[in-house]
Amino acid sequence: MNDAPDAQDDSFANIASSETILLDLVANDSDLEGDAISVKSIHGTDLTPGVAQSISVPNGVVNVSAAGVISYTASANGSGLVEFSYVLQDEHGAESSADVSGNVVNLSNDSAQVYESGLASGSAPSAETSSATGNLLANDDGLVDGLELSSVEYQGVPHTADANGVITIDTAQGQLSVYTQDYNGFSKGDYEYQLESSSLAGDGVSESFNYLVANPASGFVTQANLEISIEDDAPVGHDLSHSLESSPLLVTTNLVLVLDTSASMTNGEHGDGLNYLEIAVKALSNLIEQADAAGNVNVQIVGFSDSVISSGWISDNVEDALSYLQDLSSGGGTHYDIALNEVISSSTSAQQPDADNTLLYFISDGEPNFGYGIDDTVEYNGSNGLAAWDEFVQDNIDTSYGIGIGQADLDVLKDVASESATDEFAFIVDDVTDLSSTLVESYLEAEVDASLGLLQTASTDGFMVGADDGYVSAITVDDVTYSYDPSAVPEQEKNVSITTALGGVLLLNFVTGAYSYELDVGGDGWGQQENIAVTVTDFDGDTSSINIEINTVFEAVVDANRDVIITNQDGSSTISVPSLALLWNDTGDDISFDGVGNAVGGSVSGSDEILFDSDDGVGLGIHDSNFETEELSIIATAEDVSFVDFNGHDAVDLSDRSLFSLNDGNIPQIVSGGYSFTYQSELVNDNDPVTNADEDWIKVTLAEGEVLWANMATISGQERVKVDAFIYDAEGNLLVTDNGTTKFQEDWQGPRGSFTATEEGEYYIQIVADDDTDSGFYQMHLTIDASSAVYQKSALTDTQEEFEYSIIGDGGALDTTTAELIGVQGSSIDGGEGDEVLVGNEAANVIDGDAGDDALVGYAGDDQLDGGVGEDLLIGGQGNDILTGGDDSDMFAWLEGDDQGSSNDTITDFTLKDDSDPDNSPDVLDLSDLLQGETEASLESYLSFETVNNGGNVETIISIDKDGASNGESVHQTITLKDVDFSGMSDSEILSQLIEDQQLNVDN
């Protein structure tokens, strides 16, 4: 009997797609009888001896040559497990079968794109990306155990992983990181590519990498490619438009003039028969006059030789400054060190007058004597020598110029000039007769001064050249093109100065893109337009072009004037003032509020309504002038006072210190000198232990060191109750009184003790019955002894809170000024001779502007506002207000929200325009903020007029429908104009007259 041959299974570990492997299927097969064996069939297909055959199997094909050689070829797209069977037979026809298995590894190429424009120096760093991430193995198949990411090749050089399994390759333009195993949040196969620099090769730039997957045990290796395409950056251009203003802003300039007065300054004549000192004095005089013409100028003059003299600050007095210059004389050596120390000692920011710019001009005809230069004797803020001077200039001077005449040493002058000075700030005047014009040119800045954005910095205007850097290659002005090529031989001039057909002077730096344009104020080019075409080229040849438009227009001077805000608002909370009130004393056509900042003593925010929060939390000034000194002390009951909440309790509000009076003769029970107030009240208790005992609370405001005395007395004819008194701070902490206990010292009647405030703030007095079952009346005499007070602020210097605000004109001109805050107590606010902003609180206020152009703001409450002499702005706010403009033309304004509640305001002296009266001062109604959506054509839907006879006095009542939605049927606000007669006129006629006479302001 013939046994079947023994067929054993075969396998191969890994093969890459499209690769071929030889299969010796019978190598591990045998026959017990030693019969010859052969493969009869593969995967169900019989083999024909001597005939080549191809048999399809999973993921590939088995090829049998005519000579019987068997191989397996993986298909191009095949991947994963390979399985098929074959039949083995011996020479007698006995058969058996076995299986063949293997694995096809199919790696796919990867690609990604990064953008040069996404580099920090690129044209769109926030919009485009300069990095790429992915996973090399994510699109690969047939990855079985035993296979590993073994290396990455770049430019033919293999790179392997570090101890953490990370392959890092620094490339020509960036860096690639590949993770061969899971690590630090990354998975096996992850990669990161970061573009770090641009290429000047232009388009089609890429970086190519090959990554290898291998089985070290079997020696199997296959690879695929990662291609990083790098998108070329190119310049991006945006057209520009400038407005050149004919009139500069009013500015205040501080000039620090340091002049060499050594003997050499008067040796010889150097132009027009003048010596160096005379030329310098003449030039500096011209500079002072130029600065004065631009606004206000404050001058400090330092003359130095081997000694030093100083004028000190001469504030806004050109005549005195010029006189001091003229009186300078020469003699002695040249000691720079004493001159600079004099400047340091007298010209810090704290010592300088307020100004928009502080400029220092140092003029000398020679280098300092040996040992007297910028040496260690020059001291500032703990530093010495040049470091000290540089720090001083940086802290206190906007620009420092070092200017030499004659044989001066430029290197030393550069040290005097602003740190890192170029020829812009340190220079030698070759022709001394040019000194005057040189100084003036250094002071006057070009009206248009900008950049095309060529220095690899982000810009919303002009060009963003991008990662490849670039230059201005051409500029066309008045049909003439000026070109620049950085590679030209010989080297071309980098700067060009072009006088335009309008008479303007355009300066351009081809390399940086910085440009300026100026037009002589007396020229004929105003009211016209310059058009300039600019082309930029980057260093791999990309170009972009834009147009620059410069409109030469006139604009009125915009001048923001300093404000003093006087308010009785509680400064421990937010102080509010309308921006319209701040604008009242400012000048310029169509000015508007631009913003606030630089608060001192607090923080500031807002636009329509300006909000100031004080840092000290105790308001705008507690001092002895807060007290009342003219009336007898007040004796009040609950009906006479207002209340505030304190931890759920109603507290009598005595924080208004004007309620306390020095004239206390009507209260004989007072035990101490000072300022007094008496509160009378009743405590009602029962015997029910469940019911809380009745109690009263009183709020007071105390300065540090003030002593509050509390002493109780009975009320004649009333049932008395003995009370106990305690005092708490604003946080609700029970405090210790002066007797060392938490309860005010007492006698047989009740409290008769004191409390001394250790810090300025709000305090709350609790009053309860000594026996919580007792009821009855009491009166509490409160006296503030201010003899040992330590006031944070005084009546004379209460101006430490302030902030800056800016205004902007219709043409974009800006100016900034300061608003001071001064706090007062009580319901009355009085102005003085100057221009003030007088702002009330939420209660009923009496506000008197006195003289000056004042802004008066009542806010809530039934206020009385009187502008007094001057052109005043009156804003009554909410409530029923009585408004009196006073002399001159005044404006009465209503803001959005002023109509809340019952708002019936009265103007006692509204003056209509009268051309027949040379002294006529017409007033204005400003309803532009109150009315919503109005136009001049639709005003009859918003405003209606009724002239009535009120007790023999004529008056006109204006009824206001603020949104016009009810065609005048809904009345949100009324304004009564006393002694104004519009009888016989229709609403349309009245409106036409007011608008034509410019006595009514609306939005359109």
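Take the sequence shown: its letter number 735 is residue 749 in my numbering, and every next letter is one higher.
All residues carry an ideal CB built from backbone N, CA and C; glycine is no exception.
- Taking Thr182 as the centre and dropping the five residues before and after it, the same chain places the C-beta of Ser191 closer than 6 angstroms to its C-beta, in chain order.
- At least 9 angstroms separates the beta-carbon of Asp330 from that of Asn300.
- Counting along the chain, Leu400 sits inside no beta strand (DSSP E); it lies in the alpha helix (DSSP H) bounded by residues 399 to 410.
- Shown here, Thr651 sits in coil according to DSSP, grouped into three states, outside any helix or strand.
- When DSSP states are grouped into helix, strand and coil, Arg766 belongs to the strand group.
- In the three-state reduction of the DSSP assignment, Gly790 falls in the strand class, which pools E and B.
- The beta strand (DSSP E) runs lying completely inside the segment 113 to 140 and spanning 3 residues or more are 124 to 129, given in chain order.
- With a cutoff of 9 angstroms on beta-carbon distance, Thr990 and Thr920 are scored as near each other.
- Shown here, Asp104 sits in a strand according to DSSP, grouped into three states.
- In this model, Ala369 and Gly719 are separated by some 39 angstroms (Cα to Cα).
- When Cβ pairs closer than 8 angstroms are counted between the two stretches, the segment 518 to 532 is seen to touch the segment 495 to 509, the count reaching three or more.
- Note that the C-beta distance between Ser378 and Ile417 is below 9 angstroms.
- Under a 10 Å Cβ-count criterion, Thr756 is classified as exposed, with fewer than 16 other Cβ atoms of the shown protein chains found around its own Cβ.
- Taking the Cα positions, Asn91 is about 22 angstroms away from Gly148.
- Bounds of the beta strand (DSSP E) holding Tyr777 are 775 to 783.
- With a cutoff of 9 angstroms on beta-carbon distance, Asp913 and Ile889 are scored as not near each other.
- Listed in chain order, the non-local C-beta contacts of Ser511 below 6 angstroms within the same chain comprise Leu521, local neighbours out to five positions each way being set aside.
- The bridge partners DSSP lists for Glu834 are Val578, Glu816.
- In the structure shown, Val332 adopts helical secondary structure according to DSSP, grouped into three states.
- Secondary structure of Ala979 (DSSP, three-state): coil.
- Arg734 is bridged by DSSP to Phe791.
- Taking C-beta separations shorter than 8 angstroms and ignoring five residues to either side along the sequence, the partners of Tyr350 in its chain run Phe318, Ser378, Pro382, Tyr386, Gly387, Ile388, Val426, Val430, following chain order.
- Annotation for Ile896: Gln878, Thr920 place their beta carbon closer than 6 angstroms to its own, counting only its chain and skipping 5 residues before and after.
- With fewer than 16 other Cβ atoms inside 10 Å of its own Cβ, His106 counts as exposed.
- Separation of the CB atoms of Asn229 and Leu133 is rounded to 40 angstroms, and the pair is thereby denied contact status at 8 angstroms.
- Leu596 sits away from Ser606, with the two beta carbons spaced by 9 angstroms or more.
- Comparing alpha carbon positions, the residue from Asn153, Ser131, Ile302 closest to Ser145 is Ser131.
- The residue among Asp738, Val357, Asn410 with its C-alpha nearest the C-alpha of Ile315 is Val357.
- Take Phe641, set aside five residues on each side of it, and the residues of its chain with a beta-carbon closer than 6 angstroms to its own are Arg671, Phe674, Tyr689, in chain order.
- Contact between Phe626 and Phe817 holds: CB atoms are separated by about 6 angstroms, below the 8 angstroms threshold.
- Per the coordinates, the alpha-carbon of Asn371 lies some 57 angstroms from the alpha-carbon of Ile649.
- For Phe924, no pairing in a beta bridge is given by DSSP.
- Judged by DSSP secondary structure, Asp425 falls within the alpha helix (DSSP H) whose first and last residues are 424 to 430.
- Assignment of Ser903 by DSSP, reduced to helix, strand and coil, places it in the coil class.
- Rounded to whole angstroms, Ser841 and Phe439 show a C-alpha spacing of 56 angstroms.
- For Ile989, the secondary structure class from DSSP, reduced to helix, strand or coil, is strand.
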